[in-house]
Amino acid sequence: MNEVGHLYKKYQFPNFVQAMEFANKITEIAEQAAHHPDFTISWGACNVEIWTHKIDGLTENDFILAAKIESINYLG
Numbered sequence: 001m002n003e004v005g006h007l008y009k010k011y012q013f014p015n016f017v018q019a020m021e022f023a024n025k026i027t028e029i030a031e032q033a034a035h036h037p038d039f040t041i042s043w044g045a046c047n048v049e050i051w052t053h054k055i056d057g058l059t060e061n062d063f064i065l066a067a068k069i070e071s072i073n074y075l076g
């Protein structure tokens, strides 16, 4: 969790391409769930932040989405 109470994790990769591939996998999961995290991609990293925008807080769906993202196979 970050300082504003959102779920947050920085995933690290050996290069930009793998970080982007990971972000694309997140996009697929988010579209299926109709629940979209905020994320940024930089060289060797994908930062993911999840919360329910409507209530500016956390719901069960946030934890479900986080678990699905955690299940992605990645080399970090």
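Take UniProt numbering: the last position of the sequence shown gets the number 76, and nothing is skipped along the way. Where is the CB? At the ideal position from N, CA and C, for every residue including glycine. These figures come from a predicted structure and were not determined experimentally.
Enclosing beta strand (DSSP E) for A45 [first to last residue]: On the sequence shown, position 45 is the one that residue 45 refers to. Unbroken beta strand (DSSP E) run through A45: A45 to I50.
Within 8 Å, strictly: CB atoms of N61 and H35: Position 61 of the sequence shown, counting from 1, holds the residue named residue 61. Position 35 of the sequence shown, counting from 1, holds the residue named residue 35. Their beta carbons are under 8 Å apart, which means N61 touches H35 by this criterion.
Whole-angstrom C-beta distance between F39 and I26, which should lie under 8 Å: By 1-based counting over the sequence shown, the position of residue 26 is 26. By 1-based counting over the sequence shown, the position of residue 39 is 39. Contact holds; Cβ gap of about 6 Å.
DSSP beta-bridge partners of L7: Taking the sequence shown and counting its residues from 1, the one referred to as residue 7 is at position 7. Paired residues: I50.
Beta-carbon proximity check, E49 vs N2, cutoff 8 Å: For the purposes of this step, residue 49 is taken as residue 49 along the sequence shown, with counting starting at 1. For the purposes of this step, residue 2 is taken as residue 2 along the sequence shown, with counting starting at 1. Contact: yes.
Three-state class that DSSP yields for F13 in the structure shown: For the purposes of this step, residue 13 is taken as the residue at position 13 of the sequence shown. Looking at F13 - three-state DSSP - the assignment turns out to be coil, as it is neither helix nor strand.
Own chain, CB closer than 8 Å to T59, minus 5 neighbours either side, in chain order: Taking the first residue of the sequence shown as 1, we reach residue 59 at position 59. Here T59 has T52 as same chain residues with Cβ atoms under 8 Å from its own Cβ, once five neighbours each way along the sequence are excluded.
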